[in-house]
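In case it helps, full-length UniProt numbering puts the sequence shown at residues 1 to 297.
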Amino acid sequence: MKHLGSPSLASHPLKDMVVTGSDDRLWKMWALRDGDIIMVGEGHTDWVSGCCFHPSGTQLVTSSGDTTVQIWDLSKGGCVLTFKGHAQAVWDCSWHSCGDFVASASKDSTSKIWDVNSERCRYTMRGHKDSVSSIEFLPFSNTVLTSSADKTLSLWDARTGLRVCTFYGHLHSCNHATFSPESNMIASCDTCGVLKLWDVRQAVPMLSVDTGPRSANQVAFDHSGCAVAVASSDGTVKVVQPGLGQLHSLQGHGETEMQSVAFHCPAERLLSGAADGTVCLWTYGASASMFSMERTA
């Protein structure tokens, strides 16, 4: 799978497909079985920074450097709704489990909750002191997680737009944060390659792993919650197994910066996206040391 520039990744919730968004202003849907392009979305006027499937897999939300968030109907292959309101580039987007709301994170230091049905901004969440790098809804809840270049993570109440909690501990700009499958932990990473695991209830770090010195750009839990993948600017994917105290490096993109990682369900496969536009598909067995590259395209 090949794109122009750094691809963002989203795994389809039900089918063996993946969407990538990139610097070429397009998003593309690929079949994992053979790497063929199924669909191409054209409409953004700047790079596509993030993408996320509707829980049913029938729609897609994308974020872009053009400051907009777009909703796409996959049965028609076209954009059906564009949200405008951010003052600068939008870095990331996320879809709520109910499918009625999307969230966006922007370089303008704000995040927004958008109502898909009323087609308006429900709340603008202010509090971060620098660019908001990532955003994610906690599944089946009203909690939103953000990471920021101000070195913090925050939890927000999507019903009020107010901040509930702030996580302090990173010494450098945070690039990404995500919930564990059981929602009791958060993994986050920063520009110096530090991965942190946090206790959600206590808002304190449980573990810190140095995967640097190069930047760690995105993190993802596997579906058991026992392994965390990190996309590193040194050209590798780091796989950390906290319970075993192990760290493995997967090399498949050469020295090209890794920008994104995502685990694909139901099969235990890992997707990694690099700055040169390539996407690697990895399979693994019982442990992270058993990863093998299935395809590079």
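Ideal Cβ placement from N, Cα and C applies to all residues, glycine included.
Remember, predicted model here, so these are calculated numbers, not experimental data.
Between the segment 128 to 147 and the segment 90 to 99, the count of Cβ pairs shorter than 8 Å is three or higher; the stretches touch. Only residues of its own chain outside the window of five on either side were considered, and among them V209, T211, K238, V239, V240, Q241 have a CB closer than 8 Å to the CB of L247, listed in chain order.
Judged by pairs of C-beta atoms under 8 Å, the segment 194 to 201 touches the segment 169 to 178, as three or more such pairs exist. Using a Cβ distance threshold of 7 Å, F167 and L153 count as a contacting pair. Taking the Cα of V230 as reference, the smallest distance to any Cα among L26, L250, D46, F83 is reached at L250. Here the alpha carbon of V228 sits roughly 6 Å from the alpha carbon of D222. No Cβ-Cβ contact shorter than 7 Å links V132 with W114.
With a contact defined as Cβ atoms closer than 8 Å, R126 and T110 qualify at about 5 Å. P7 counts as buried, since no fewer than 16 other beta carbons sit within 10 angstroms of its beta carbon. When only Cα atoms are considered, T283 and P13 end up about 18 Å apart. In the three-state scheme derived from DSSP, where H, G and I count as helix and E and B as strand, N184 is classed as coil.
DSSP lists V61 as the bridge partner or partners of C52. If you ignore the 5 residues before and after W91, its C-beta comes within less than 6 Å of the C-beta of S49, A105, S133, all in its own chain and listed in chain order. Membership of A10 in the beta strand (DSSP E) is indicated by the continuous run 8 to 11. Boundaries of the beta strand (DSSP E) around G21: 17 to 21.
For S64, the closest of G85, W72, W47 by C-alpha to C-alpha distance is W47. Here V204 is exposed. Its C-beta has fewer than 16 other C-beta atoms within 10 Å.
Spatial neighbours of E42 in its own chain (CB-CB distance under 8 Å, excluding positions within 5 residues in sequence) are listed in chain order as R25, L26. V19 is the residue among N142, V19, R159 whose C-alpha sits nearest the C-alpha of D36. In the structure shown, D276 adopts coil according to DSSP, grouped into three states. In terms of Cα proximity to G245, the closest of D108, C226, R159 is C226.
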